[in-house]
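Colleague: Just so we're aligned, residue 2 is where the sequence shown starts under our numbering, counting upward by one.
C-beta: ideal position from N, C-alpha, C; glycine also.
Quantities reported herein were computed from a predicted structural model and do not represent experimental measurements.
Take a look at this one; I'll ask things after.
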Amino acid sequence: MFGSRSKELSSMLLTVKLDLEKANEEKSKLQKELDYSKSRVKELEGKIAGSSIPDLEESMKVSIAEYEGLKKLYEAKIKEFEDSRVKREQEFAREAALARHNLENEIAGNRRDNENFVADTVNNFSETYNYYLNQIKVLMDALGQVAQQAGKTLFQGDVEALKANFSQQLVDALKSGTDKLTGAEGELIVIGASEGHVDTQETRPETEKSAEVTKEAVEEAAQAVEKTAEAVEKTAEAAQDTVTEAAEKAAKTIDQQQKRRRRRKPRRNA
């Protein structure tokens, strides 16, 4: 678009240049005619010096007639040149104003397009950020539930149950979190803050045996905790691939559903 405007302005400038060259040619022609008139005056002056009065009067009449004719011709040509110059200046001013107006409209349109592009980019970034933030919160809630259940099982002293069920609980919790992200129909659900954790007082057995714990029981509990920590570490490493797969599945599912929603979105009436 800018290239076409530049070509138009170049064409206008070329036309003006040609008009000026033509005017210079006319000026040169007029100058030659003026020089001829001056030479005629000098010639008449020479004739006056060696001519009789009757011949001089006749010659003067002829010269005056020639001069009047040339004067009218020059005045007509000068007026024609001035009219042409004024006309071309007006045309050039109109064309320049139109080109400037079109260019300003084009710049304003490009500015609006750029502003809309920036706004859309910011909105898309915000939506993407919120989406992944919600996804992380859901998965973290799921992991928190597994950790609570593991802590409850460990507190009850059922180490074998913890070792046997922790991995499956982790996988089930991650799957549940993924289902929460997509909803019943695959729609993205914005998850709010967690509703809170279960008070540890409520998870404790009704009868506490802290007063009856012996030295051997303490050592056994310490060993159980150590073994449980090792089991949790190994299970976490094994669950890493499961977490990644679940997250990728959630992202893929939501992306597909968003594409389907965009295709189903009705067009606005023109």
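On a Cα-Cα basis, can you pick out the residue from I108, R113, M141 and V87 that is closest to D20?
Modeller: It is V87 whose Cα lies nearest to the Cα of D20.
Colleague: Would the beta-carbon of L15 fall within 9 Å of that of K78?
Modeller: At the C-beta level, L15 and K78 stay beyond 9 Å of one another.
Colleague: To test your reading of the DSSP string, which unbroken beta strand (DSSP E) runs of 3 or more residues are found completely within the segment 83-135?
Modeller: none
Colleague: Can you tell me whether V42 is buried or exposed, with buried defined as 16 or more other CB within 10 angstroms of its CB?
Modeller: exposed
Colleague: Got a sec? Which residues, its chain only, sit under 7 Å from S11 by beta carbon, not counting five neighbours each side?
Modeller: none
Colleague: Can you give the Cα-Cα distance for K138 and R261, rounded to whole angstroms?
Modeller: 25 Å
Colleague: Could you check how far apart the C-beta atoms of E27 and F82 are, in whole angstroms? I think they sit under 8 Å.
Modeller: 6 Å
Colleague: Quick one, are the C-beta atoms of A24 and S64 less than 9 Å apart?
Modeller: no
Colleague: Taking all protein chains shown into account, decide if L74 is buried (16 or more other Cβ within 10 angstroms of its Cβ) or exposed.
Modeller: Classification for L74: exposed.
Colleague: Short of 8 Å in beta carbon distance, which residues of its chain neighbour E209, apart from the five on each side in sequence? Order them along the chain.
Modeller: Its pLDDT being 42, under 50, E209 is placed unreliably by the model, and the measurement read from it follows with that caveat. Non-local beta-carbon contacts of E209 in its own chain, meaning distances under 8 Å to residues more than five positions away in sequence, are absent.
Colleague: Is it the case that the Cβ atoms of E67 and S38 are separated by a distance below 9 Å?
Modeller: yes
Colleague: Between the alpha carbons of N135 and A143, how many angstroms are there, rounded?
Modeller: 12 Å
Colleague: Thinking L71 and E46 are a contact (beta carbons under 8 Å), I'd like their distance in whole angstroms, please.
Modeller: The Cβ separation is near 18 Å, so there is no contact.
Colleague: Taking Cβ to Cβ, would you say V17 is nearer than 9 Å to R89?
Modeller: yes
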